[in-house]
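With the working numbering applied, the sequence shown corresponds to residues 7 to 151, in that order.
Cβ coordinates follow ideal geometry from the N, Cα and C atoms, glycine included.
Small disclaimer: the values here were computed from a predicted structure and weren't measured.
Just below is one structure, and these are the notes that go with it.
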Amino acid sequence: MTSKSPDLPVSSLLDRLFLYGIRSLLVVLAVVAFGIFLIAHGWLVSRFDYLASGILIVMIGVGLAFAFQQTTTKVITQRYFSGDTLVGKTGRAVVPMKASAKGVVHVEHESWSAVAEDDIARGEPVIVTAVDPDNVTLKVRKHRT
Numbered sequence: 007m008t009s010k011s012p013d014l015p016v017s018s019l020l021d022r023l024f025l026y027g028i029r030s031l032l033v034v035l036a037v038v039a040f041g042i043f044l045i046a047h048g049w050l051v052s053r054f055d056y057l058a059s060g061i062l063i064v065m066i067g068v069g070l071a072f073a074f075q076q077t078t079t080k081v082i083t084q085r086y087f088s089g090d091t092l093v094g095k096t097g098r099a100v101v102p103m104k105a106s107a108k109g110v111v112h113v114e115h116e117s118w119s120a121v122a123e124d125d126i127a128r129g130e131p132v133i134v135t136a137v138d139p140d141n142v143t144l145k146v147r148k149h150r151t
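Here's what the structure looks like:
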């Protein structure tokens, strides 16, 4: 049994590299590679100080990777998502909604919480009139064609 998934773009490895930044990735790789070198060298020549330094540097590299991922994701989200981009977009009601009641709509390949300005039946086309300050709830009305 197969389920039909929506046609969404598939992220490739290159997309993710450019999304998170190649420079930050190269810095993390260099730090981790240096740490691995120190671990290997310390193990081969039986030097505990090299081994300990290598382990510490690898842990710093992993911490940097986590920090870079968190900060770039936050910056990208703040820069590229604005609720105003959804105003005027059309979608469909996923559930029936009464006026001023919450429901769910499907807009731009995503499901959103929504508050209806008037009664809307399930599957009826809607248009986004505003976005609440929380950036997760849309205000919608029937799309009049």
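Spatial distance of residue i from residue j (CA atoms)
i      : j      : result
VAL93  : GLU114 : 11 Å
ALA127 : PHE72  : 45 Å
GLY48  : GLN75  : 30 Å
ILE61  : ILE45  : 7 Å
VAL34  : ILE28  : 10 Å
HIS112 : ASN141 : 15 Å
SER59  : SER117 : 49 Å
VAL137 : LEU32  : 39 Å
GLY129 : ILE63  : 56 Å
VAL110 : ILE42  : 50 Å
VAL51  : SER30  : 32 Å
Limits of the unbroken alpha helix (DSSP H) element including residue i
i     : result
HIS47 : 28-50
N-terminal and C-terminal residue of the beta strand (DSSP E) that residue i is part of
i      : result
LEU92  : Looking at the DSSP string, LEU92 is not in any beta strand (DSSP E), and its letter there is neither H nor E.
ALA120 : 116-122
PRO131 : 131-137
THR110 : Sequence inspection shows Val at residue 110; the Thr mentioned does not correspond to that position. 108-113 is the span of the beta strand (DSSP E), which, as asked, contains VAL110.
VAL101 : Looking at the DSSP string, VAL101 is not in any beta strand (DSSP E), and its letter there is neither H nor E.
VAL142 : No beta strand (DSSP E) holds VAL142; DSSP gives it neither H nor E.
For residue i, the nearest candidate out of the options (CA to CA)
i      : options                        : result
ASP108 : LYS145, VAL137, GLU116, GLU130 : The sequence as given places Lys at residue 108; Asp does not occur at that position. It is LYS145 whose Cα lies nearest to the Cα of LYS108.
PRO131 : THR96, GLU116, VAL33, LEU31    : THR96
THR189 : ILE133, ASP55, VAL51           : Lying outside 7 to 151, the shown extent of the chain, residue 189 is not represented and no answer is given.
Assumed close pair residue i, residue j - CB separation to whole angstroms, cut-off 8 Å
i      : j      : result
THR143 : ALA120 : 7 Å
ARG152 : THR135 : No answer is possible for residue 152: it lies beyond the span of the chain, which begins at 7 and ends at 151.
ALA105 : ASP124 : 5 Å
Closer than 7 Å: residue i CB and nearest the ligand FAD heavy atom
i      : result
ALA136 : Within the structure as shown, the ligand FAD is missing, as the structure has no ligands at all.
Exercise for review: Could you tell me whether the segment 64-76 touches the segment 36-47, using the rule of 3 or more Cβ pairs below 8 Å?
Suggested key: With the rule of 3 Cβ pairs closer than 8 Å, the segment 64-76 counts as touching the segment 36-47.
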